[in-house]
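Novice: Chains as they are written, first to last, in our numbering: chain A, 245 to 366; chain B, 13 to 653.
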């Protein structure tokens with residue numbers, strides 16, 4: 245089967261430590277910086293730059309919504325997004341929550357192949 | 013479960029690392045799920061009251077200090093892993109299997125999907141197109157998770173291997189060999205439970221691959237963004253533990269198919285169908301004119317948005333699934349709301365936790381029953397006892413899991429039934445033992461013995477064997493002399509005035525049923541003006557002067573607030589010898605210290621805000637002998653201390 249053609253390596257050790265319960269450490273710094281960047285992009289209301297902040301698949305999905313949104317709407321999003329809090333972050337998925345007019349909204353980010361966080365849901 | 017750093021080159025000679033798949037985290041989530049299944053199994057079959065119960069003569073010490081040496085994954089990786097030898101108890105091997113099933117992570121990820129709506133042979137992951145695999149120089153393995161985990165020869169730790177190693181351990185007498193086989197068996201069973209857990213995740217049964225990236229790079233239009241479910245569950249578990257996710261109800265449908273299943277494969281397939289039919293994954297939401305993000309040509313028939321209730325205030329879709337109210341998805345979007353329309357439905361943290369709370373109890377129920385099927389059904393019997401000589405047999409009943417009879421070879425420990433002290437050890441060959449034994453001070457005319465075998469810290473014992481003449485009991489009277497808990501009652505941290513006890517009133521005389529050595533009481537009555545529900549089941553061995561096992565519960569329903577049980581107590585007992593027993597009188601007492609420190613009381617539970625302080629459970633067992641069995645009865649009543 246082809247999956248076994250890809251060079252799996254199994255190394256044996258003697259008297260190893262059993263340290264498999266170590267939690268995965270997630271660095272929030274990069275996601276928080278991306279949050280700032282998303283805020284700026286929407287405040288600038290540049291549609292091309294905003295779409296570039298999406299994952300490729302989500303670009304297709306949200307293109308019409310972004311392009312049909314007025315400059316005022318995009319800037320309002322940027323303002324509302326200033327209230328954001330990083331709600332959850334895993335290795336490849338993160339959610340920001342923000343509030344506007346008493347309602348709580350969220351957007352999701354995914355990590356792309358080059359290690360950049362991009363918007364996957366808005 | 014899977015998070016994949018994927019290395020490949022077009023020519024297979026050098027690897028380019030690209031982050032591809034991500035999901036449930038195997039480091040924690042699967043181990044926790046497997047651990048809670050073991051705990052649930054031990055709890056369920058600890059209270060195996062009736063002799064007809066499947067595991068009445070089994071003891072499971074899976075979480076104890078006894079360990080077995082075996083091969084383990086020391087450090088995982090996308091393609092490269094390090095293995096080594098570790099010592100673990102049975103539960104930890106099962107937990108380890110939950111993790112090791114995902115190692116190495118890249119190839120594991122391809123074979124951890126199962127679509128129950130497709131025909132056999134077509135149930136593998138298709139969300140990643142063949143062009144996707146080929147663009148990285150590999151072929152789609154076209155293997156579904158059920159096939160892979162149950163019987164695929166390339167999987168050294170599949171379920172068939174787990175059973176084979178269990179069988180090997182029972183058939184080989186050398187202790188090292190048995191332990192090595194059982195470590196493999198438990199780890200492989202843990203990997204099988206990984207399958208069960210995955211069948212309780214919507215993305216794994218709805219052909220929804222979840223690479224962190226990939227779609228745009230290979231030129232197709234499907235959305236392959238990271239999956240919120242498994243990452244959020246992992247974060248939640250790390251912060252809150254697993255208990256909150258187990259608070260949902262077990263769906264009667266899941267309970268039924270799990271308990272009726274004859275094979276683990278059947279459980280996995282049924283659970284996959286259940287999850288597929290009832291839950292959305294984040295890219296397969298459909299209905300109400302919503303087209304799913306992925307494979308729109310294969311839109312699943314259920315669930316549908318139009319079958320859910322929509323709350324327009326919160327923009328959430330909810331559905332009752334087997335008694336659990338589940339937040340299925342949301343469609344609240346700032347940009348959509350600003351333009352005065354509803355957004356595309358999605359799954360966020362609230363939906364994930366709601367889904368997980370509904371799914372984890374189903375996974376646990378399915379897993380407990382998988383373990384039920386994994387344990388071979390073995391009976392140990394003593395058939396004859398002479399002067400320093402014992403005979404008996406160990407027989408295996410074949411079933412759909414173990415179709416070949418297991419012939420036990422190995423030690424049989426002979427113990428006194430009264431206190432389980434060891435008398436000696438004899439050897440069993442091909443399921444039979446016939447050996448001399450030094451009985452020492454054991455008197456077969458006044459005492460009983462049992463024979464017990466052990467494999468992988470599963471202990472199986474015989475019925476007590478006796479040459480004692482049958483006692484001619486007429487009455488067996490079990491009297492609750494006092495069941496009195498001194499409690500601190502508090503609400504929201506405020507201790508209420510006074511203390512209250514859980515006790516039976518002086519005048520109560522509660523009659524139950526006594527049949528085949530089991531006393532049962534199930535009564536709604538009024539004590540001290542309050543409606544009470546009383547339930548008790550005790551298996552009583554008159555000859556051995558013990559309560560073998562049983563359970564008791566008492567709850568008071570205040571008339572002014574029937575929804576709130578302010579006074580509740582339940583506990584289970586196991587193997588309680590009477591103290592100061594004479595030929596017709598026995599008295600035993602259990603105090604709070606024993607509740608905490610001994611095996612006598614288990615699963616003690618009390619009402620919310622209640623705390624046990626100096627609690628005493630004082631019972632009295634009286635027996636009366638007579639030549640006539642016709643009026644054998646047992647009754648509870650309270651007497652003063």
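We treat Cβ as the ideally placed atom computed from N, Cα and C, and that holds for glycine.
Taking the alpha-carbon of residue 459 of chain B as reference, which of B:426, B:81, B:70 and B:368 has the nearest alpha-carbon?
Specialist: B:426
Novice: Can residue 420 of chain B and residue 168 of chain B be called in contact, C-beta distance under 8 Å?
Specialist: Not closer than 8 Å, so no.
Novice: Can you find a C-beta in chain B that's less than 8 Å from the C-beta of residue 250 of chain A?
Specialist: Low confidence applies to residue 250 of chain A: its pLDDT is 41, below 50, so where it sits in the model is not reliable enough to give any reading.
Novice: Roughly how many whole angstroms lie between the Cα atoms of residue 342 of chain A and residue 302 of chain A?
Specialist: 20 Å
Novice: What are the boundary residues of the beta strand (DSSP E) that residue 342 of chain A is part of?
Specialist: 337 to 344
Novice: Check whether the stretch 189 to 199 of chain B touches the stretch 271 to 284 of chain B, counting contact only when three or more Cβ pairs, one atom from each stretch, lie closer than 8 Å.
Specialist: Judged by Cβ distances under 8 Å, the stretch 189 to 199 of chain B makes no contact with the stretch 271 to 284 of chain B, as fewer than three pairs qualify.
Novice: Going by beta-carbon coordinates alone, are residue 319 of chain A and residue 289 of chain A separated by less than 8 Å?
Specialist: yes
Novice: Would you identify the three-state DSSP class for residue 137 of chain B, choosing helix, strand or coil?
Specialist: coil
Novice: Determine the direct distance from the alpha carbon of residue 463 of chain B to that of residue 473 of chain B, and round the result to whole angstroms.
Specialist: 6 Å
Novice: If distances are taken between C-alpha atoms only, which option among B:395, B:562, B:359 and B:46 comes closest to residue 244 of chain B?
Specialist: B:359
Novice: From the DSSP output, in three-state form, read off residue 427 of chain B for me.
Specialist: The three-state secondary structure of residue 427 of chain B, taken from DSSP, is strand.
Novice: Does the beta-carbon of residue 221 of chain B have 16 or more other beta-carbons within 10 angstroms, so that it is buried, or is it exposed?
Specialist: buried
Novice: Report the rounded CA-to-CA distance for residue 358 of chain A versus residue 330 of chain A, giving the unit in angstroms.
Specialist: 22 Å
Novice: Within 10 angstroms of the Cβ of residue 432 of chain B, are there 16 or more other Cβ atoms? Answer buried if so, exposed if not.
Specialist: exposed
Novice: Determine whether the beta carbon atoms of residue 110 of chain B and residue 46 of chain B lie at a separation below 8 Å.
Specialist: In this structure, residue 110 of chain B lies near residue 46 of chain B, with their beta-carbon atoms less than 8 Å apart.
Novice: Leaving aside the five residues before and after residue 386 of chain A along the sequence, list all residues of the same chain whose C-beta is less than 7 Å from its C-beta, in chain order.
Specialist: Residue 386 of chain A lies beyond the range of chain A shown here (245 to 366); nothing can be said about it.
Novice: Taking the CB atoms as reference points, tell me whether residue 86 of chain B and residue 79 of chain B lie closer together than 8 Å.
Specialist: no
Novice: What residue from A:364, A:285, A:355 and A:328 has the CA that sits closest to residue 336 of chain A's CA?
Specialist: Ranking A:364, A:285, A:355 and A:328 by Cα distance to residue 336 of chain A puts A:355 first.
Novice: May I ask you to report which of helix, strand or coil DSSP gives residue 543 of chain B?
Specialist: strand
Novice: Which residues in chain B have a C-beta closer than 9 Å to the C-beta of residue 309 of chain A? List them in chain order.
Specialist: 345, 347, 348, 351, 355 and 356
Novice: Could you list which residues in chain B have their beta carbon closer than 7 Å to that of residue 320 of chain A, in chain order?
Specialist: 350
Novice: Assign residue 120 of chain B to buried or exposed, taking buried as 16 or more other Cβ atoms, counted over all protein chains shown, within 10 Å of its Cβ.
Specialist: buried
Novice: Any Cβ of chain B within less than 8 Å of the Cβ of residue 278 of chain A?
Specialist: no
Novice: Can you list, in chain order, the residues of its chain whose CB lies under 7 Å from that of residue 380 of chain B, leaving out five sequence neighbours each side?
Specialist: Counting only Cβ-Cβ distances below 7 Å, and skipping sequence neighbours, we find 49, 52, 53 and 56.
Novice: Identify the contact partners of residue 209 of chain B in chain A, using a Cβ-Cβ distance below 8 Å as the criterion.
Specialist: Within 8 Å Cβ-Cβ: nothing; residue 209 of chain B doesn't reach chain A, min ~17 Å.
Novice: Counting only Cβ pairs nearer than 7 Å, list the residues of chain B close to residue 332 of chain A.
Specialist: Chain B residues near residue 332 of chain A: 244, 247 and 361.
Novice: For residue 176 of chain B, which option in B:258, B:352 and B:388 has the closest C-alpha, if you only look at C-alpha atoms?
Specialist: B:388
Novice: Compare the C-beta of residue 344 of chain A against all C-beta atoms of chain B and say whether one is closer than 8 Å.
Specialist: Yes, its Cβ sits closer than 8 Å to a Cβ of chain B.
Novice: Determine whether the Cβ of residue 304 of chain B lies closer than 8 Å to any Cβ atom of chain A.
Specialist: no
Novice: Tell me the residue span of the alpha helix (DSSP H) that contains residue 333 of chain A.
Specialist: Here residue 333 of chain A belongs to no alpha helix (DSSP H); instead the beta strand (DSSP E) covers 329 to 333.
Novice: So which of B:89, B:178 and B:158 has the shortest CA-CA distance to residue 408 of chain B?
Specialist: Nearest C-alpha to residue 408 of chain B: B:178.
Novice: Beta strand (DSSP E) containing residue 98 of chain B: first to last residue?
Specialist: 92 to 100
Novice: Drop a sphere of 10 angstroms on the beta-carbon of residue 170 of chain B, count the other beta-carbons inside from all chains shown, and report buried for 16 or more, exposed for fewer.
Specialist: buried
Novice: Mapping the DSSP letters down to three states, classify residue 506 of chain B as helix, strand or coil.
Specialist: The pLDDT assigned to residue 506 of chain B is 44, lower than 50, so where the model puts this residue is not dependable; a value taken from the coordinates is nonetheless given after this. Three-state DSSP puts residue 506 of chain B in a strand.
Novice: Whose C-alpha, out of B:452, B:377, B:534 and B:439, is nearest the C-alpha of residue 258 of chain B?
Specialist: B:377
Novice: When we look at the beta-carbon of residue 295 of chain B and count the other beta-carbons within 10 Å, is it buried (16 or more) or exposed?
Specialist: A residue is called buried once 16 or more other Cβ atoms fall within 10 Å of its Cβ, and residue 295 of chain B is buried on that count.
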